[in-house]
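See below for the structure under consideration.
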Amino acid sequence: AQTVTQSQPEMSVQEAETVTLSCTYDTSESNYYLFWYKQPPSRQMILVIRQEAYKQQNATENRFSVNFQKAAKSFSLKISDSQLGDTAMYFCAFMNPQGASGSRLTFGEGTQLTVNP
Amino acid sequence: DAGVIQSPRHEVTEMGQEVTLRCKPISGHDYLFWYRQTMMRGLELLIYFNNNVPIDDSGMPEDRFSAKMPNASFSTLKIQPSEPRDSAVYFCASSLRAGIDTQYFGPGTRLTVL
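Which chain is which? The protein sequence lines are E and S, in order. Offset between the first sequence (1-based) and the numbering used here: plus 11. Offset between the second sequence (1-based) and the numbering used here: plus 733.
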């Protein structure tokens, strides 16, 4: 079974600065997908960014980018120019498209990010 | 698009009562997922459907839980009888295809069982 680990329960950053959230995962599969979701106080789960394992290029979405290290099974999220609205719980998630449970998202424990003014 | 719609947003009930949570997926999405979020267990998949058919229900905790999808635009998750340990946030999500496309989540239903 796949596991996802987020070793930083809480982090804080000053507005306009850069912060990196860590995520590691364990799998024997070679084809899979990785995601970062954010959950603000409103509780809504919002997709931040996704990465296909077969792509060597790291995904970027505006101020959000990932550092995908397939051999190390590491998938960190970098937030540049942090904004107050980035304050949220961030979840790393893994999806193996193969098999009967191919659509199951496996989530990490989450990292609570606070952006300070 | 309105996104995934869930109702109610909050539900408070007493132990032993039946609880029904509702979900409307994004139009055109063939896959629907039910997740539960608790402090102890985090986010976990309960069940998912493809074209209204349950595909994987291995995450359903016990027989007190049941889920149906009578048509492409509606699904229910029922707990009967409810227990305090069922208190959690229940999310519904949908995606266009399985194993490839992003799952989009609804706002969740916060269930409290007294």
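C-beta: ideal position from N, C-alpha, C; glycine also.
9 Å Cβ cutoff, residue i in contact with chain S
i	result
GLY121(E)	yes
ARG115(E)	yes
PHE102(E)	yes
PRO108(E)	yes
PHE9(E)	Outside the displayed span of chain E (12 to 128) sits residue 9(E), for which this structure offers no information.
ARG61(E)	yes
Neighbour-count burial assignment, residue i, 16 or more Cβ in a 10 Å radius
i	result
LYS49(E)	buried
SER762(S)	Just to set this straight, residue 762(S) is His in the shown sequence, not Ser. Per the 10 Å Cβ criterion, buried.
ASP37(E)	exposed
ALA70(E)	buried
ASN107(E)	buried
ILE812(S)	buried
ASP796(S)	exposed
LEU776(S)	buried
CB contact check: residue i to chain E, cutoff 9 Å
i	result
ASP789(S)	yes
TYR823(S)	no
ALA826(S)	yes
8 Å contact criterion, which residue i and residue j should meet: CB distance rounded
i	j	result
ALA821(S)	ARG769(S)	5 Å
TYR44(E)	GLU63(E)	6 Å
ASP97(E)	VAL126(E)	5 Å
GLN836(S)	PHE766(S)	6 Å
LYS66(E)	ASN78(E)	Actually they do not touch by this definition, with Cβ atoms about 13 Å apart.
THR133(E)	SER87(E)	The question about residue 133(E) has no answer here: the residues shown for chain E are numbered 12 through 128.
Under 9 Å, CB to CB, which of the residues in the segment 24 to 58 of chain E have a partner in chain S? Within the segment 24 to 58 of chain E, the residues whose Cβ lies closer than 9 Å to some Cβ of chain S are TYR44, PHE46, TYR48, GLN50, SER53, ARG54, GLN55, MET56, ILE57, LEU58, listed in chain order.
Hey, which unbroken runs of the beta strand (DSSP E) at 3 residues or more fall wholly within the segment 760 to 843 of chain S? Counting whole runs of 3 or more residues, the segment 760 to 843 of chain S contains the beta strand (DSSP E) stretches 764 to 771, 775 to 783, 786 to 789, 798 to 804, 807 to 812, 821 to 828.
Cβ-based contacts, 9 Å cut-off: residues of the segment 86 to 100 of chain E near chain S: Under the 9 Å Cβ criterion, the segment 86 to 100 of chain E contributes no residue.
Which runs of the beta strand (DSSP E), 3 residues or longer, sit entirely within the segment 78 to 119 of chain E? Those beta strand (DSSP E) runs which fall completely within the segment 78 to 119 of chain E and span 3+ residues are 85 to 90, 99 to 106, 116 to 118.
Using a Cβ-Cβ cut-off of less than 9 Å, give me the residues of the segment 756 to 786 of chain S that come near chain E, in sequence order. So the list reads TYR764, PHE766, TYR768, GLN770, GLY775, LEU776, GLU777, LEU778, TYR781, ASN783, given in the order they occur along the chain.
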